[in-house]
Amino acid sequence: MASASPSDAAAAAELQQLVQAIQDTHVSNICTGGTGRSNLYQVLSSFRGNRCLSFGVNSSHEVSFTLTTGAVRWRWYNGFNGTLTSAVFGEAMFLMRLYAAYQRSTAILIVIIILFLAEFVIGTVTAALVVSSFHVVPRPPNYPLPGCLFTPPKHVNLSLMVWAVAMGVTCVYFLLILYKFARNLSVRKNAGPSNVVPIWELQRISPVVFSFLRDSAFYFFLVFIGNTMNLVFELVFAGRAIIPMGTVWLMVIYALSASRLCLNTRGSLHRRRSEYELESGWHDIIELQDRSRSSGQRTNTNISAANITPGSTVILAKSEGRVGLHCGAMDLDAVDALEYTQSSYFRTREYEVEPWTVVGRKTSQVGRAI
Numbered sequence: 001m002a003s004a005s006p007s008d009a010a011a012a013a014e015l016q017q018l019v020q021a022i023q024d025t026h027v028s029n030i031c032t033g034g035t036g037r038s039n040l041y042q043v044l045s046s047f048r049g050n051r052c053l054s055f056g057v058n059s060s061h062e063v064s065f066t067l068t069t070g071a072v073r074w075r076w077y078n079g080f081n082g083t084l085t086s087a088v089f090g091e092a093m094f095l096m097r098l099y100a101a102y103q104r105s106t107a108i109l110i111v112i113i114i115l116f117l118a119e120f121v122i123g124t125v126t127a128a129l130v131v132s133s134f135h136v137v138p139r140p141p142n143y144p145l146p147g148c149l150f151t152p153p154k155h156v157n158l159s160l161m162v163w164a165v166a167m168g169v170t171c172v173y174f175l176l177i178l179y180k181f182a183r184n185l186s187v188r189k190n191a192g193p194s195n196v197v198p199i200w201e202l203q204r205i206s207p208v209v210f211s212f213l214r215d216s217a218f219y220f221f222l223v224f225i226g227n228t229m230n231l232v233f234e235l236v237f238a239g240r241a242i243i244p245m246g247t248v249w250l251m252v253i254y255a256l257s258a259s260r261l262c263l264n265t266r267g268s269l270h271r272r273r274s275e276y277e278l279e280s281g282w283h284d285i286i287e288l289q290d291r292s293r294s295s296g297q298r299t300n301t302n303i304s305a306a307n308i309t310p311g312s313t314v315i316l317a318k319s320e321g322r323v324g325l326h327c328g329a330m331d332l333d334a335v336d337a338l339e340y341t342q343s344s345y346f347r348t349r350e351y352e353v354e355p356w357t358v359v360g361r362k363t364s365q366v367g368r369a370i
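In full-length UniProt numbering, the protein residues as written are 1 to 370.
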């Protein structure tokens, strides 16, 4: 039996590469179509309360089909419009919440700015180097795949570094969130120290904080999985057309998670305000940080760290349009025209309670949360 000639072996290898490219492109197109439908659902479902976020984060990729028609311009636009744009807008939305969670701390602001700028600069420089390293090539006759053809990109190690940096920055943000709430939360049902609250009771005590913690953890989990997936794709499928499948899903993760984080936090505030019939000027936020030392000058004379001790019963009630925080025993009959009191929610249960932090737009009553 005659052995195959070198030309036949080369033709078979080229045919195998062509079949693989067709299969990879088909899978990538399916994923792109799926992410497009996910973005469309996100835009339609949240358009009423999320117009700016929908257009700023979710729709930037679709604009490329109308703004860029040439292969040369397309490679530059696609290089900077993909994950980089979604990460800039999506991550910035979350970082505003992270900064607010630390009560606008200057140290946290410096850390956030350094990490954000480092990730942005490294991503921008790497994208410019990678995009400039490949060039448009003429289409072979009878080539079955549509679109432009490019030479394989260089600087693969830089791409790996970008995904590694993105994973590291995501882990730092996640640790900041855990550190913020770990000091005041416990996995046990029975709280120990007076400043520790069981995590199972957090949703009932402060739905806003619970919503922020839940969405932030879920957001970081998805972003970490997306960055890990792209890093694995760069290592395993180097030079193949299936690599864009990971980037399109990461774009959706940034877009959906970041915008949903803002919407859910805003929705928690609106639901709680309407549920407990709080007046429009009241901004209900319970902060998990001791500010009684640094903000003692703003402490209300009726509510101070001196008259609220561990083991006290605290009742938040509304009477004649005024919201009051009462310590110890309170004769409800002695309160004139008490419109409502939610003892099932505002009265603390079996924990020891130290001064609360209650921040309002009209008044500021500062003690210690939980």
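The beta carbon of each residue, even a glycine, is placed where N, CA and C say it ideally should be.
- For the set N157, L158 and G226, the Cα lying nearest the Cα of L256 is the one of G226.
- The C-alpha of C31 is placed about 8 angstroms away from the C-alpha of W249.
- Note that the segment 170-178 does not touch the segment 125-141; fewer than 3 beta-carbon pairs, one per stretch, sit closer than 8 angstroms.
- If you draw a straight line from the Cα of A21 to the Cα of R240, it comes to about 7 angstroms.
- Where S105 is concerned, there is no enclosing alpha helix (DSSP H), because DSSP gives it neither an H nor an E.
- In its chain, beyond the 5 residues on either side, no residue has a beta carbon closer than 7 angstroms to the beta carbon of Y143.
- Rounded to the nearest angstrom, the gap between the Cα atoms of A164 and A87 is 15 angstroms.
- Secondary structure within the segment 116-160: not one fully enclosed alpha helix (DSSP H) run of 4 or more consecutive residues is present.
- Taking 9 angstroms as the cut-off, the Cβ atoms of V137 and L149 count as close.
- Annotation: R139 to Y219 spans about 42 angstroms, alpha carbon to alpha carbon.
- Per DSSP, reduced to three states, the secondary structure at R97 is helical.
- When secondary structure is reduced to three states using DSSP, A241 falls in the coil class, being assigned neither helix nor strand.
- Taking C-beta separations shorter than 8 angstroms and ignoring five residues to either side along the sequence, the partners of L222 in its chain run I253 and S257, following chain order.
- With a contact defined as Cβ atoms closer than 8 angstroms, M245 and S28 qualify at about 5 angstroms.
- Closest in C-alpha terms to S159, from the list V232, M251 and G33, comes V232.
- One alpha carbon belongs to T106, the other to L115, and they sit about 14 angstroms apart.
- With a contact defined as Cβ atoms closer than 8 angstroms, Y102 and K180 qualify at about 7 angstroms.
- Per the C-alpha coordinates, the member of A10, I112 and T151 positioned closest to V172 is I112.
- Counting only the Cα atoms, R214 lies some 36 angstroms from V156.
- Distance between A92 and T228, taken at the CA atoms: about 20 angstroms.
- Contact between F224 and T170 holds: CB atoms are separated by about 5 angstroms, below the 8 angstroms threshold.
- Within its own chain, the residues whose Cβ lies closer than 6 angstroms to the Cβ of M167, once the five positions on either side in sequence are excluded, are N227, listed in chain order.
- The beta carbon of D24 sits closer than 7 angstroms to the beta carbons of R240, A241 and I242 from its chain, once the five residues preceding and following it are set aside; these are given in chain order.
- F212 and K154 have their C-alpha atoms some 41 angstroms from each other.
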